[in-house]
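2 protein chains.
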Amino acid sequence: MSEVTATDLYEVTMALSYLREDMRAPATFGLFARALPPGRGFLVAAGLEPALDYLSRFRVSHTDVEEFAEVLRRPVEDLEPLRGLSFDGLVRAVPEGRLVFAGEPLMEVTASLPQAQLVETYLLSLLCHQTAVASKAARCVLAAGGRPLVDFSLRRTHGPEAGMQAARLCALVGFTGTSNVAAAHRYGIPAAGTMAHSYVETFFSEEQAFRAFARSHPGPVTFLVDTYDTGHGVATAARVFEDLGLGPGCGIRLDSGDLDALARRARTALDEAGLGAVRIIASGGLDEYGVDRLVRMGAPIDVFAVGTKVGTAADAPYLDTAYKLVQYDDRPVMKLSSAKVSAPGRKQVFRFAGLHDVIGLADEELPVGSEPLLRTVMRDGRRTGPHDSLTAARARFEADIANLPDEARSIEHPVPHRPAVSARLAALTASVRHRIEDRIREGEEP
Amino acid sequence: MSEVTATDLYEVTMALSYLREDMRAPATFGLFARALPPGRGFLVAAGLEPALDYLSRFRVSHTDVEEFAEVLRRPVEDLEPLRGLSFDGLVRAVPEGRLVFAGEPLMEVTASLPQAQLVETYLLSLLCHQTAVASKAARCVLAAGGRPLVDFSLRRTHGPEAGMQAARLCALVGFTGTSNVAAAHRYGIPAAGTMAHSYVETFFSEEQAFRAFARSHPGPVTFLVDTYDTGHGVATAARVFEDLGLGPGCGIRLDSGDLDALARRARTALDEAGLGAVRIIASGGLDEYGVDRLVRMGAPIDVFAVGTKVGTAADAPYLDTAYKLVQYDDRPVMKLSSAKVSAPGRKQVFRFAGLHDVIGLADEELPVGSEPLLRTVMRDGRRTGPHDSLTAARARFEADIANLPDEARSIEHPVPHRPAVSARLAALTASVRHRIEDRIREGEEP
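Following this line, the structure appears as structure tokens:
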């Protein structure tokens, strides 16, 4: 798959028309979430690093031009104006890991109109998905209240590549491990995982299975204890741990049933066997709701493994994001169609203490006591600084989450902050709206 | 990303242990959905073609071994037994496009235990996701009642690669086009798309925008009419169509608001202008529920473009699938842990008229009047036939969907068929269960 042709056809038809009409003036597009999905009190900005990689590499090759021509059923010559087009624009963006709210640009792209248009679809595909998953994972971190979380999502994500992103995004918000080997390697995340039920089933007894596993894997091991009967499995695991002199660093995993009750019984059994150092890992359909319930009940679970529902952001698998033209050739523009009104002009988000945000214009003076959320991350098509690290992103996330008001942190009924709008942005929005409405009313072209 | 290391760590630790214990006997794993999500009356088997490609290529390289060693923090020598391991097993599977129900194996893999285990995660990641999306897309086809559907999902899928799959799966169930250029090229699907609101906004008037677009794109064009005011936009589009002598093959697109009311007014305006041949395309947050409502209201919409909710299978973004060991070394096995009981043995699905299915054992005689759903698609690690085509898969889908009972077709309240279980499978399940329970009751190892 070419990153250039992995785009909506209309980006190509528009770009071609712009080139033909010689409309190459700078255009600014803002990428933002119109609203937060139910069940979300905040979003975690994510996907910027891959997006900048994409923009850095973006260049329409001859093969791309041939592909465009083929699907448009037009001669290759017609598409030639696109050939060699690369991205040499300006990108201002919210760094990964920061919390954002509805209407706040995650990214503003300013470039020659055909360029800024052509990159729309791919940028949306990266940022929309990754912000959705990071936001879901962040809620698991809140629910776990300091207990470690591990990502087990790869088998249920929307393909293996989405699984790679899920592992990265979980690490970004503070997960301590992933089951995904390739992601552990690529992103330097500790890898986690031991055995499946099938492993136990291939041996004639659980005990044989546990002993064989310990033989193959010197050092601490984790046994899956619920293949047949959990109480029995825990007793067997305890016996094998004792026999082999194992304990610290070892664990048992519960993957089904009433995790609270099973964890309590397992904890008692392990403690009675003098295995207080053996940890209990719980998995099986968990997300922030399940983790929150178990933590509030006081279940003696040491590590939560979450997978499917987090890797697919199951209760909110997409964000209602838009990539809206806000300025063209120094003229602020906006759309008026019902329910999708967009605010014109290049923007900045001013963040005050307690994550109280004001969306204003990029050229407004920074209000006292606020910091700007959007930073210049690419100029003339080149990154303005080194690659961002997962560690730095995690630090930003941790700083923001520590300041998040209680109502937005709620797992069951989160109430997201609604950013205010600066006086200057409100005035600009009203004036552009009136200009368009007047023209429609007078029967002129809008 | 290496396809081999894009796996859960436990596949590696298990495979390593099997090799060490010399457990290389043939194992059969069955991949199936435990239950259908709410809102689904059937599933469309999908993902087999990419899965067979993956299995054909599967081979643990030296680099993969190094990656395994790194994440396990063990010497490379410890992982050497995995090197060179490839897949030379047998695969029986339901061909893409066929309808399936809960508990029916989409695929059964029989191979030497370490091989069959190592491929689990990646196979699940392909089949779970693709079957979920194909099933959602199929419901849109039912809702559209013969009107054409186009895939617009790329910008909101879980990354661009998931967008490629979404386009393919939509085409598999009969969509007539996709906005995704790379997918149109790769899979030979007609590409669709024209202009965004931003295009209209960059011009000083809608009319200028429409005229410029027609200049750049000779032949039929589609104008997006709801950037400012839809009634006005339709009138402008009609004027431009008339001026340029356009009509057949042209269209207008509505992307927001009350699509039924707007389509009716647009149809009247176009017809009054003698533009009966101009089609109306509707988009904007549609899935089978929105399409069904518009069709039932009789909205004069000629083409539905669906995106986000279909490409992410938004109301059921994952399937509760499992890859369960059902037989090892000729011994049928099963898991007993609560709520996740699996049936033992190699299976076959016998399909009777009206999609009445019986799940039985692979070696049962074919019941009179039934056909077997699972076919041998790979033997000794090689495909048993040529690559399947999207056209053939679509034909299978169309044949099955034509026979789907009404209650499973329902958009609002689908009731899925529950396959029966053959007498022999029921007997085997009971006997394996009793064998395990007896051993637990007697205090022996299960």
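In order, the protein sequences belong to chains A and B.
Our numbering applies: residue 1 is where the first sequence begins, and numbers increase by one.
Our numbering applies: residue 1001 is where the second sequence begins, and numbers increase by one.
Every residue, glycine too, gets a C-beta built ideally from N, C-alpha and C.
Remember, predicted model here, so these are calculated numbers, not experimental data.
Note to self: Per DSSP, what are the beta-bridge partners of ASP151 (chain A) in this structure?
What the structure shows: A:THR178 and A:VAL306
Next item on the list: Would you list, in chain order, the members of the segment 355-373 of chain A that have their beta-carbon closer than 7 Å to a beta-carbon of chain B?
Entry: none
Check: Which class does TYR1054 (chain B) belong to by DSSP, given the choice of helix, strand or coil?
Finding: helix
Check: How big is the Cα-Cα spacing for MET1164 (chain B) and SER125 (chain A)?
Finding: 11 Å
Item checked: Residues bridged to LYS1347 (chain B) (per DSSP) -> B:LEU1361
Checklist line | Residues that ARG20 (chain A) contacts on chain C, provided the C-beta gap is smaller than 9 Å | finding: Note that chain C does not occur in the displayed structure, where the protein chains are A and B.
Next item on the list: Could you list which residues in chain A have their beta carbon closer than 9 Å to that of CYS1140 (chain B), in chain order?
Entry: The contacting residues do not exist; CYS1140 (chain B) stays about 16 Å from chain A at best.
Notebook entry, point to check: Whose CA, out of A:LEU286, A:ASP315, A:GLY188 and A:LEU90, lies closest to the CA of PHE1068 (chain B)?
Noted result: A:GLY188
Checklist line | Where the alpha helix (DSSP H) containing THR230 (chain A) begins and where it ends | finding: 230-244
Check: Which chain A residues are close to GLY1084 (chain B), counting only those with a beta carbon under 9 Å from its beta carbon?
Finding: By Cβ distance, chain A contributes nothing, its closest Cβ being about 18 Å from GLY1084 (chain B), past 9 Å.
Check: Below 8 Å, can you find three or more Cβ-Cβ pairs linking the segment 1299-1308 of chain B to the segment 1379-1394 of chain B?
Finding: no
Checklist line | SER2 (chain A): contacting residues in chain B (beta-carbon distance under 8 Å) | finding: ALA1182
Note to self: Between SER410 (chain A) and chain B, is any beta-carbon pair separated by less than 8 Å?
What the structure shows: no
Notebook entry, point to check: Where does ALA393 (chain A) sit, in a helix, a strand or coil, going by DSSP?
Noted result: helix
Check: What is the DSSP secondary structure of GLU412 (chain A), counted as helix, strand or coil?
Finding: coil
Margin query: Beta carbons nearer than 8 Å to chain A: which residues of the segment 1086-1119 of chain B have them?
Written below: LEU1113 and GLN1117
Next item on the list: Put MET1102 (chain B) into one of helix, strand or coil per three-state DSSP.
Entry: The sequence given here places Ala at residue 1102 (chain B); Met does not occur at that position. If DSSP states are grouped into helix, strand and coil, ALA1102 (chain B) belongs with coil.
Margin query: To the nearest angstrom, how far is the alpha carbon of ASP277 (chain A) from that of ALA192 (chain A)?
Written below: Position check: residue 277 (chain A) holds Ala in this sequence, whereas Asp was assumed. The straight-line gap from Cα to Cα measures roughly 18 Å.
Check: Do you know how far the Cα of GLY285 (chain A) is from the Cα of ALA196 (chain A)?
Finding: 15 Å
Notebook entry, point to check: Helix or strand or just coil, what does DSSP make of GLU201 (chain A)?
Noted result: helix
Notebook entry, point to check: In this structure, what does DSSP give as the bridge partners for LYS324 (chain A)?
Noted result: A:GLY30
Note to self: Using 8 Å as the cut-off, can you tell me whether the segment 163-182 of chain A makes contact with the segment 1067-1081 of chain B, which would need three or more C-beta pairs spanning the two stretches below that distance?
What the structure shows: yes
Check: For ARG1396 (chain B), which option in B:ASP1357, B:ARG1441, B:ARG1424 and B:VAL1173 has the closest C-alpha, if you only look at C-alpha atoms?
Finding: B:VAL1173
Margin query: For a quick check, are the C-beta atoms of VAL1221 (chain B) and GLY1233 (chain B) less than 8 Å apart?
Written below: no
Check: Closest to ILE1281 (chain B) by CA distance: which of B:PRO1332, B:LEU1085 and B:VAL1303 is it?
Finding: B:VAL1303
Checklist line | ARG215 (chain A) in three-state terms, based on DSSP | finding: helix
Notebook entry, point to check: In chain order, what residues of the segment 1003-1016 of chain B put their CB closer than 9 Å to some CB of chain A?
Noted result: GLU1003, VAL1004, THR1005, ALA1006, THR1007, ASP1008, LEU1009, TYR1010, GLU1011, VAL1012, THR1013, MET1014 and LEU1016
Next item on the list: Indicate whether the contact test is met: 3 or more Cβ pairs, each with one atom in the segment 1203-1218 of chain B and one in the segment 5-24 of chain A, closer than 8 Å.
Entry: yes
Next item on the list: Examine the Cβ distances between the segment 138-157 of chain A and the segment 287-303 of chain A and report whether three or more of them are shorter than 8 Å.
Entry: yes
Checklist line | Span of the alpha helix (DSSP H), counted from its first residue to its last, around ILE1436 (chain B) | finding: 1423-1441
Note to self: Taking 6 Å as the limit between beta carbons, can you name the residues of its chain near LEU55 (chain A), skipping five residues before and five after?
What the structure shows: PHE87
Note to self: Cβ closer than 7 Å: which chain B residues qualify as neighbours of PHE241 (chain A)?
What the structure shows: Here the premise fails: no neighbours, minimum Cβ distance about 16 Å.
Item checked: Alpha-carbon to alpha-carbon, ARG74 (chain A) and VAL1133 (chain B) -> 32 Å
Notebook entry, point to check: Is PHE87 (chain A) helix, strand or coil by DSSP?
Noted result: coil
Margin query: Could you compute how far the alpha carbon of LEU1106 (chain B) sits from the alpha carbon of VAL1368 (chain B)?
Written below: 22 Å
Check: Comparing alpha-carbon positions, which option in A:THR176, A:LYS335, A:VAL326 and A:ILE436 lies nearest GLU108 (chain A)?
Finding: A:VAL326
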